[in-house]
Amino acid sequence: MPEFQEKAPLLQKEAIAPGIFRLTMHAPEIAGAAHPGQFVMVQVDTSMDPLLRRPFSVHQVTSGGNIQILFKVVGQGTARLARLTPGDQLDCIGPLGRGFFLDRRDRLCLIGGGMGIAPLYFLAKRLLQTGESPGDDYVFLGGRSREEISLFAAEFFDLGYTVKVSTDDGSMGHHGFVTDLLGPVLPDMERVYTCGPFPMMRIAAQKCGQAAVFCQVSLETHMACGLGACLGCTLTGADGRYIHVCRQGPVFDAEEVAWTT
Amino acid sequence: MPEFQEKAPLLQKEAIAPGIFRLTMHAPEIAGAAHPGQFVMVQVDTSMDPLLRRPFSVHQVTSGGNIQILFKVVGQGTARLARLTPGDQLDCIGPLGRGFFLDRRDRLCLIGGGMGIAPLYFLAKRLLQTGESPGDDYVFLGGRSREEISLFAAEFFDLGYTVKVSTDDGSMGHHGFVTDLLGPVLPDMERVYTCGPFPMMRIAAQKCGQAAVFCQVSLETHMACGLGACLGCTLTGADGRYIHVCRQGPVFDAEEVAWTT
Amino acid sequence: MDNINGMDIDLRVRLGELRLRNPVMTASGTFGYAREFSQLVNLHRLGAIVVKGISLKPRPGNPPPRVVETACGMLNAIGLENVGVQGFLERKMEFLRGVNSRVIVNILGDSAAEYGALAGKLTGIEGIDALEVNISCPNVKKGGVAFGTDPAMATEVTRTVKGQTDLPVIVKLSPNVTDITVMARAVEDAGADAVSLINTLIGMAIDVGSRRPKLANVIGGLSGPAIKPVALRMVWQVARAVSIPVIGIGGIATAEDALEFLLAGATAIEVGTANFYQPRAAESIIDGLRAYLAAQGEDSVRAIIGALQIDEA
Amino acid sequence: MDNINGMDIDLRVRLGELRLRNPVMTASGTFGYAREFSQLVNLHRLGAIVVKGISLKPRPGNPPPRVVETACGMLNAIGLENVGVQGFLERKMEFLRGVNSRVIVNILGDSAAEYGALAGKLTGIEGIDALEVNISCPNVKKGGVAFGTDPAMATEVTRTVKGQTDLPVIVKLSPNVTDITVMARAVEDAGADAVSLINTLIGMAIDVGSRRPKLANVIGGLSGPAIKPVALRMVWQVARAVSIPVIGIGGIATAEDALEFLLAGATAIEVGTANFYQPRAAESIIDGLRAYLAAQGEDSVRAIIGALQIDEA
Ligand SMILES: Cc1cc2nc3c(=O)[nH]c(=O)nc-3n(C[C@H](O)[C@H](O)[C@H](O)COP(=O)(O)OP(=O)(O)OC[C@H]3O[C@@H](n4cnc5c(N)ncnc54)[C@H](O)[C@@H]3O)c2cc1C
Ligand SMILES: Cc1cc2nc3c(=O)[nH]c(=O)nc-3n(C[C@H](O)[C@H](O)[C@H](O)COP(=O)(O)OP(=O)(O)OC[C@H]3O[C@@H](n4cnc5c(N)ncnc54)[C@H](O)[C@@H]3O)c2cc1C
Ligand SMILES: Cc1cc2nc3c(=O)[nH]c(=O)nc-3n(C[C@H](O)[C@H](O)[C@H](O)COP(=O)(O)O)c2cc1C
Ligand SMILES: Cc1cc2nc3c(=O)[nH]c(=O)nc-3n(C[C@H](O)[C@H](O)[C@H](O)COP(=O)(O)O)c2cc1C
Ligand code: FES
Ligand code: FES
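Here the protein sequences line up with chains A, B, C and D, keeping their order.
Convert by adding 25 to the 1-based position in the first sequence; the result is the number in this note's numbering.
Convert by adding 25 to the 1-based position in the second sequence; the result is the number in this note's numbering.
Convert by adding 1363 to the 1-based position in the third sequence; the result is the number in this note's numbering.
Convert by adding 1363 to the 1-based position in the fourth sequence; the result is the number in this note's numbering.
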């Protein structure tokens, strides 16, 4: 699969909610090759501290060869990204990894928790290209508060999906876990895609397992290279062997993962 | 002597010539205590690379508690400073070191080479406060080209000094060394202040020595702390003993320095 | 004792007989004789101040350049410039006596006898609370091999110093060894009251334009955040190998850094290079320790010393 | 030979019998089996590719987390995960044979016999140009002390490997020793054709929130720009102590970094951690070396190897 390194000019920076940003970069080669669920390794600065690139899911590919990433400020790398201004350049490598399995159209449910929403929007858009209406497909979004989640709910809604929301503080939608929303609809689903905190994905995976619904998850782990070279990004697979998130994933079938860890 | 650490908001950034910038910061405590020839230690970034603060002469103290620094981009620290925008904060420690000796008014000559101009402007302004006209006092400025030097020539001229310029490329004033300008006027001088490249100051010091004119120089050396603690900033003194530039200087009487090194 | 959110937080620690009000000290050679920082730092808050290494005679130090910045660190080859023990007692102690903090004198010599003589001269002086013995210096008698890389030589220095003083003796270990626990055990057996580590790693930098070393001395000591992982590993190893208190040093700039060392088993820490770029580092570490303990529901810093949890494999 | 500004610049170097078109190699464990970088890097330009360390049997490696970022560096505890020598020959060599660069296989074992067996299996294979012997591994027979910290054990491994192969043998030295020149001389005497250094420094990091080590393995290897000053010092020391070629490794990311090592006496260099954050680092170093040599009026990279100038004191 093609991979590129591009010095991508930052076109737009959107402050979505406190500490949450969306960046639009011009990266035509990466944009042309990206598949939902793949990620980019972004160099946050020319300084050697922080040293390593940061992985971010491709949040969206827009016309004219642009890509978007959506992120939350959690440490020094994301803090630096948040300080960039349009015109700055971002050195990006991608698209990397194995994305979501998209061979055919089923009754779908996309479950995103926190920044796990990021790859799902790209997925949701690509699914539209199958030509079928997404009206019977669900998007469940979990976040801290209305402030954090409402824009995304509207955006998925605008694509035509049936959108439900949960928040930690009850300020919008269901007050509780986003996976609580899954129970009622699960019997009708053929496929679930999920990305978010590990415990959330574990619950989704378990529910899908019990209901025998095909489920794909997008995992996170610390990555030094994103290229399959450092062997640093391992997690434990269902068979007890190590899986390498950057090359074998980040998207895995739920049954490939050891959910105990 | 009082020293302060201030998080100084950047008020203004002027691009003087390619690679040369002037920053104005609001640092009322430092501004209130600074003396010409003293310097500030500036933290260029919150990153640990580059790690150390960078020393810059106080270029000017302006009303309202502001200080200015004038610098040329030569490495990663200055490159980062040049990327700041108004509103950013600069963590500054100062005023540090021993400045120019200013007890009384003589017939003066200020000689600045390159960024050595920086402390001389503050000196030139303070000298005006003695109340005497600077019309008989000289300011000699050396730079690479007209582009680099003309603004400063105008600014010293506006203060009332007799200004002469030399450039490396001959695009303005004398084509050659700024110290060449000293010969004709030296017999009339009582005091020479100089800051610039070491070889330039050496020539000035030698000429003054021969003419028995009191000469003060502002030295540069690598500094880790600027506070007299690391003992890293030594140069060799005239008596062969080490001098500590950050505390005993940066301004020295020319005869205190070993000009051979 | 301080009160945060209605909770008493006790930051006191003991290094043998030496009692500190908090575990945050400033490292030798990075804090001058404290006066250099008096305008910027509240010296009275510090757990202890370790002064620049003192020798019997004043030393001029190495020719310049003496310092060079490296990636997240710096190299220094100061060459142990100092005012000598007499100059120190005459010109520096008076100020230090006025500081309401512990004063630890770092000593260095070219022979065990020199170390002993220094210890003698610094004992019984009002205001000196402990000695820190820098054994990273070359032993001139043994052809310049550092005392800190040979257990027998380190033992001899420690014994000699202990014989000349009743002050608590901290031996400061060099990281430039294959197994630092061997050195730590040697000085423990020789009577050291505590060990501090690490001193600098030996490094080098070259100016490719001139093809010359960036330091006149060619090699120098690497310090700063770059070395923190190595320092932390060594502190962890030593804390498990000896029963005397361990003082952690190396790249500590924030409360989080300090906590890593305390969790690894250090009873106290020294802030070094960080003083240069953030003079208030030690003070903000003290504040940060307190905030951490409060958040973790601990009422004493002693509860977290060595509290690192390691899963059994 | 290339022509820049009308000048021929010769970048070729020799490591004993091994001839490289330029001195820029990629370090073991940081470049996979090269294929991982084939989309981003022009592999045919590299002086040599050193593949991930290979053992007799495949190894699963350590549990996660395995990597953690540090100030200007990173810690890794991969635990020598690899496909094993058979897997390597069956699944990785075909691609490597298609690359127009030298291929050096890094080997590791738990006993001298394992190293020897590996050397035997890798000899006479088309496309393998040399072996790099990683002696930083623990010797299971000697209670886990690393081969790389004991001159006698390093000698034994080197002799055994030399006895099993006619390929050039590079022995890769560990920096976690008191005097690396002792190790370098030992392996030189044992027949090594070259030495490469440094492997990682041992370090550690702690998560203060959970009070646990950040690496599941507790300790790991520190690499990246943070360690460059230590690596450069050791390369300089070793280059003066042995007469076989020295390969410099440690924090090299730019042409300037590479030049420091060449000036200090390295005949070639390996780019490690930099491959992770700047996959084209090796290529840009090749370009930068050429530009430097042209600017300095040198027509061969060999003119600057060991050309460091030191003023007499
Ligand atoms: C495949 C993949 C896709 C991702 N996509 C997104 C996304 O679309 N939006 C988003 O906000 N975040 C995403 N993340 C997480 C994101 O990479 C981290 O939040 C980010 O690296 C934190 O960097 P920092 O410097 O701000 O934090 P620090 O904590 O300072 O980082 C220190 C180190 O830890 C690593 N790290 C810290 N948190 C994580 C994490 N959760 N996962 C992996 N490594 C981590 C960093 O990469 C860095 O090496 C993704 C992670 C992976 C593996
Ligand atoms: C007392 C004093 C006053 C100064 N005033 C000014 C001024 O007003 N304007 C100005 O442009 N420059 C001034 N300088 C020089 C200025 O400090 C350096 O240009 C600057 O530190 C370079 O930093 P860098 O990161 O861009 O360069 P780098 O080369 O990347 O810096 C690497 C290291 O070398 C040190 N260094 C590099 N060049 C010098 C130098 N010439 N002198 C001292 N240390 C250096 C840096 O501080 C840093 O520690 C002054 C220096 C001193 C000592
Ligand atoms: C400029 C400088 C001077 C030093 N001088 C001494 C000294 O005189 N005696 C000593 O034992 N250690 C000395 N050290 C070592 C420090 O005390 C400390 O052990 C080392 O720098 C590691 O800590 P850090 O990374 O926090 O700086 C010096 C360090 C520096 C940077
Ligand atoms: C993730 C990782 C894996 C490594 N694996 C090996 C290995 O298998 N064999 C080996 O000899 N060295 C290995 N090394 C060490 C490197 O080859 C190199 O010696 C070290 O990282 C220092 O160079 P650097 O600072 O340029 O990375 C590894 C280093 C890293 C970071
Ligand atoms: S991140 Fe390096 S192998 Fe996956
Ligand atoms: S710069 Fe530290 S003593 Fe002068």
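The beta carbon of each residue, even a glycine, is placed where N, CA and C say it ideally should be.
Bear in mind the structure is a predicted one, so any value in this text is a computation, not a measurement.
DSSP three-state assignment for residue i, whether helix, strand or coil
i: R1643 (chain D); result: coil
i: H1407 (chain D); result: helix
i: Y1396 (chain D); result: coil
i: G102 (chain B); result: helix
i: C240 (chain B); result: strand
i: G57 (chain B); result: helix
i: Y186 (chain A); result: coil
i: V1550 (chain D); result: helix
i: S82 (chain A); result: strand
i: I1543 (chain C); result: helix
i: C1500 (chain C); result: coil
i: I118 (chain A); result: strand
i: T1630 (chain D); result: coil
i: M1364 (chain C); result: Only weak support exists for where M1364 (chain C) lies, its pLDDT of 45 falling under 50; the value from the coordinates is given anyway. Correct three-state label for M1364 (chain C): coil.
i: A42 (chain B); result: strand
i: C255 (chain B); result: coil
i: T192 (chain B); result: strand
i: S1537 (chain D); result: coil
i: Q1402 (chain C); result: coil
Where residue i meets chain D, residues with beta-carbon distance less than 9 Å
i: V1664 (chain C); result: Neighbours of V1664 (chain C) on chain D: none; closest Cβ ~13 Å, over 9 Å.
Contacts of residue i in chain C (Cβ-Cβ under 8 Å)
i: E343 (chain B); result: With chain B covering only 26 through 286, there is no way to say anything about residue 343 (chain B).
i: P75 (chain B); result: E1432
Cβ distance (whole Å) where residue i is taken to contact residue j below 8 Å
i: V1540 (chain D); j: V1550 (chain D); result: With 8 Å as the limit, V1540 (chain D) and V1550 (chain D) do not qualify as a contact, their Cβ atoms being about 12 Å apart.
i: N1439 (chain D); j: G257 (chain A); result: 6 Å
i: E28 (chain B); j: L121 (chain B); result: 6 Å
i: P1592 (chain C); j: T1433 (chain D); result: 5 Å
i: P159 (chain A); j: L153 (chain A); result: 6 Å
Any C-beta of chain F under 8 Å from that of residue i
i: C250 (chain B); result: This model lacks chain F altogether, as its protein chains are A, B, C and D.
Residues that residue i contacts on chain C, provided the C-beta gap is smaller than 7 Å
i: R78 (chain B); result: Y1640
i: R299 (chain B); result: Nothing about residue 299 (chain B) can be reported from this structure: the residues present for chain B run from 26 to 286 only.
i: G274 (chain B); result: Per Cβ cutoff of 7 Å: no residues; G274 (chain B) is ~13 Å from chain C at best.
Contacts of residue i in chain B (Cβ-Cβ under 7 Å)
i: G1635 (chain C); result: Residues of chain B passing the Cβ test: none, with the nearest at roughly 10 Å.
i: C1435 (chain C); result: M73, D74 and L76
Contacts that residue i makes with chain B (C-beta to C-beta distance below 8 Å)
i: D70 (chain A); result: S72
Residue i: CB within 7 Å of a non-hydrogen atom of ligand 8
i: R1398 (chain D); result: As for ligand 8, it is missing from this structure, which binds only ligand 1, ligand 2, ligand 3, ligand 4, ligand 5 and ligand 6.
Contacts of residue i in chain D (Cβ-Cβ under 7 Å)
i: E1619 (chain C); result: V1571
Chain B residues whose Cβ lies nearer than 9 Å to that of residue i
i: I1441 (chain C); result: C255, L256, G257 and T259
Open item on the list: Below 8 Å, how does it come out for the stretch 245-264 of chain B and the stretch 1388-1402 of chain C: are there three or more Cβ pairs, yes or no?
Closed with: yes
- [ ] Decide yes or no for the touch test of the stretch 128-140 of chain B against the stretch 62-73 of chain B: beta carbon pairs closer than 8 Å, at least 3 of them.
- [x] no
Task: Any residue whose CB is nearer than 5 Å to a heavy atom belonging to ligand 1, listed in chain order - done: A:F64, A:L77, A:R79, A:P80, A:F81, A:S82, A:F96, A:K97, A:V99, A:G100, A:Q101, A:G102, A:T103, A:M140, A:A143, A:E245, A:H247, A:P275 and D:E1432
Task: Three or more C-beta pairs below 8 Å linking the stretch 1523-1531 of chain C and the stretch 1475-1492 of chain C - done: yes
TODO: Give a yes or no on contact between the stretch 231-246 of chain A and the stretch 181-194 of chain A, applying the rule of three or more CB pairs nearer than 8 Å.
DONE: no
Open item on the list: Using 8 Å as the cut-off, can you tell me whether the stretch 1592-1603 of chain D makes contact with the stretch 1660-1675 of chain C, which would need three or more C-beta pairs spanning the two stretches below that distance?
Closed with: no
TODO: Answer yes if the stretch 1617-1629 of chain D comes into contact with the stretch 1562-1582 of chain C, meaning at least three C-beta pairs across the two stretches below 8 Å, and no otherwise.
DONE: yes
Task: Three CB pairs or more closer than 8 Å across the stretch 160-180 of chain B and the stretch 197-212 of chain B - done: yes
Open item on the list: Below 8 Å, how does it come out for the stretch 1444-1464 of chain C and the stretch 1412-1430 of chain C: are there three or more Cβ pairs, yes or no?
Closed with: yes
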